[in-house]
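Student: I am attaching a structure below and will ask some questions about it afterwards.
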Amino acid sequence: MNKLAKLLGVSRRPVADQILVLLLCADVLLIIIHLLRWETIYYQANHFAITREGGIGELFQYLKEFWLIVLFMYFGIKRANAMLVMWSLIFFYFLADDSLKWHEEMGLVVANMLQLPWMFGLHPEFQGQVVYAFVLAFVFFGVTGLLAFMRGRDAIYFSVRMFVLLGLLALFAVIIDWIYHLFDDKWVRHYIASVEEGGEMIVLSIIVWFVLSSLQEGKQ
863 MNKLAKLLGV SRRPVADQIL VLLLCADVLL IIIHLLRWET IYYQANHFAI TREGGIGELF
923 QYLKEFWLIV LFMYFGIKRA NAMLVMWSLI FFYFLADDSL KWHEEMGLVV ANMLQLPWMF
983 GLHPEFQGQV VYAFVLAFVF FGVTGLLAFM RGRDAIYFSV RMFVLLGLLA LFAVIIDWIY
1043 HLFDDKWVRH YIASVEEGGE MIVLSIIVWF VLSSLQEGKQ
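Residue numbering for the sequence shown follows the numbering used here, starting at 863 and increasing by one per position.
And the structure:
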């Protein structure tokens, strides 16, 4: 954990560290149960599948996003910090999009609008989702970057690290998902999907820890 704190340029905080340990333990437990249920007679216990919409794993992710919304909004209002409020709105969008599947609907809209063809084995709707995600990222992160620039060096450092962590999250959500769509074998797709969802869970837990540790320092 010392190496992680040093890598992200944040001081370790006992409470944040304890929360990270609990989150990671829960993540690993859910991933193990997910993998075991596939290999055993409990395959039909779909609520334990981290790849299932509305399953325990997905609900746990929603809880983390909710915590981030509350943390950013609380400290943003308390410190009159528009950048933190913007980060709260970004995670509010993530939560709404994850739960309501806006990206799937917008992916279809974009695909039809741009008349995207099948490409590299990818469905036009998936390509539309990627285009939609890039446009949103440009808008959200552009505004956040501007607010961080107005706040000063510490705010810029914080936001850059957040961008890196969200980029790591996108690696699993977009790149691994793209690899998933290249295969037809159900076993291969199962394990790729497990890597995708498991990776997202662990990265989001690290983001919660990083945000809590950073906000306790109060340098934003």
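Built from N, CA and C at the ideal position, the CB exists for glycine as well.
Quantities reported herein were computed from a predicted structural model and do not represent experimental measurements.
Between the C-alpha atoms of M935 and D1046, what's the straight-line distance to the nearest angstrom?
Tutor: In the sequence shown, counting from the first residue as 1, residue 935 sits at position 73. In the sequence shown, counting from the first residue as 1, residue 1046 sits at position 184. Take the alpha-carbon of M935 and the one of D1046: they are about 43 angstroms apart.
Student: In terms of residue numbering, what span does the alpha helix (DSSP H) encompassing K868 cover?
Tutor: One-based indexing of the sequence shown puts residue 868 at position 6. K868 -> alpha helix (DSSP H) spans 864-870.
Student: What is the DSSP secondary structure of D1047, reduced to helix, strand or coil?
Tutor: Along the sequence shown, read from residue 1 onward, the residue named residue 1047 stands at position 185. Note: D1047 maps to coil in three-state DSSP.
Student: Should E1062 and L1031 be called a contact, given that it needs their Cβ atoms to be closer than 8 angstroms?
Tutor: Locating residue 1062 in the sequence shown gives position 200, where the first residue counts as 1. Locating residue 1031 in the sequence shown gives position 169, where the first residue counts as 1. Contact: yes.
Student: Evaluate A942 with the Cβ neighbour count: other Cβ atoms within 10 Å of its Cβ, from every protein chain shown; 16 or more gives buried, anything less gives exposed.
Tutor: Position 80 of the sequence shown, counted from the first residue, corresponds to residue 942. Classification of A942: exposed, given that the 10 Å Cβ count is below 16.
Student: Check whether the region 1051-1070 touches the region 1033-1042, taking contact to mean three or more Cβ pairs, one atom from each stretch, closer than 8 angstroms.
Tutor: yes
Student: Report back the beta-carbon spacing between F1072 and R1023 to the nearest angstrom; my notes put them in contact at under 8 angstroms.
Tutor: For the purposes of this step, residue 1072 is taken as the residue at position 210 of the sequence shown. For the purposes of this step, residue 1023 is taken as the residue at position 161 of the sequence shown. Separation of the CB atoms of F1072 and R1023 is rounded to 7 angstroms, and the pair is thereby assigned contact status at 8 angstroms.
Student: Taking the alpha-carbon of T1006 as reference, which of V947, L962, Y1042, K1048 has the nearest alpha-carbon?
Tutor: One-based indexing of the sequence shown puts residue 1006 at position 144. Answer by Cα proximity: V947.
Student: With distances taken between CB atoms, is the gap from K926 to L1066 smaller than 8 angstroms?
Tutor: Walking along the sequence shown from the start, residue 926 turns up at place 64. Walking along the sequence shown from the start, residue 1066 turns up at place 204. Yes, these two residues count as a Cβ contact at 8 angstroms.
Student: For L884, count neighbouring C-beta atoms within 10 Å of its own C-beta (all shown protein chains included) and say buried if the count is 16 or more, exposed if not.
Tutor: Residue mapping note: residue 884 aligns to position 22 of the sequence shown, counting from 1. It counts as exposed.
Student: Only counting runs of 4 or more residues, tell me where the alpha helix (DSSP H) segments fall wholly within the region 1000-1039, in order along the chain.
Tutor: 1015-1032
Student: With a threshold of 16 other CB atoms inside 10 Å of the CB of S1140, please say whether the residue is buried or exposed.
Tutor: Nothing can be reported for residue 1140: it is not among the residues displayed for the chain, which extend from 863 to 1082.
Student: Have a look at Y1053 and G990 and give me their C-alpha separation to the nearest angstrom.
Tutor: Position 191 of the sequence shown, counted from the start, is the residue given in the question as residue 1053. Position 128 of the sequence shown, counted from the start, is the residue given in the question as residue 990. Distance between the alpha carbons of Y1053 and G990: 25 angstroms.
Student: Applying the 10 Å Cβ sphere with the 16-neighbour rule, what's the burial state of I903?
Tutor: The count along the sequence shown starts at 1 and reaches residue 903 at position 41. Residue placement at I903 is flagged as unreliable, the pLDDT there being 48, under the threshold of 50; the coordinate-derived value follows with that caveat. Around the C-beta of I903, fewer than 16 other C-beta atoms lie within 10 Å, and the residue is accordingly described as exposed.
Student: What number of angstroms, rounded off, separates the C-alpha of L882 from the C-alpha of L891?
Tutor: Taking the sequence shown and counting its residues from 1, one reaches residue 882 at position 20. Taking the sequence shown and counting its residues from 1, one reaches residue 891 at position 29. One C-alpha to the other measures close to 14 angstroms.
Student: What does the alpha-carbon distance come out to for the pair Y920 and L1009?
Tutor: As a position in the sequence shown, residue 920 is number 58, starting the count at 1. As a position in the sequence shown, residue 1009 is number 147, starting the count at 1. According to the sequence displayed, residue 920 carries Glu and not Tyr. Their Cα atoms are separated by approximately 31 angstroms.
Student: So, with DSSP's three-state summary, where would you put K963?
Tutor: Locating residue 963 in the sequence shown gives position 101, counting from the first residue. In this structure, K963 counts as coil in the three-state DSSP scheme.
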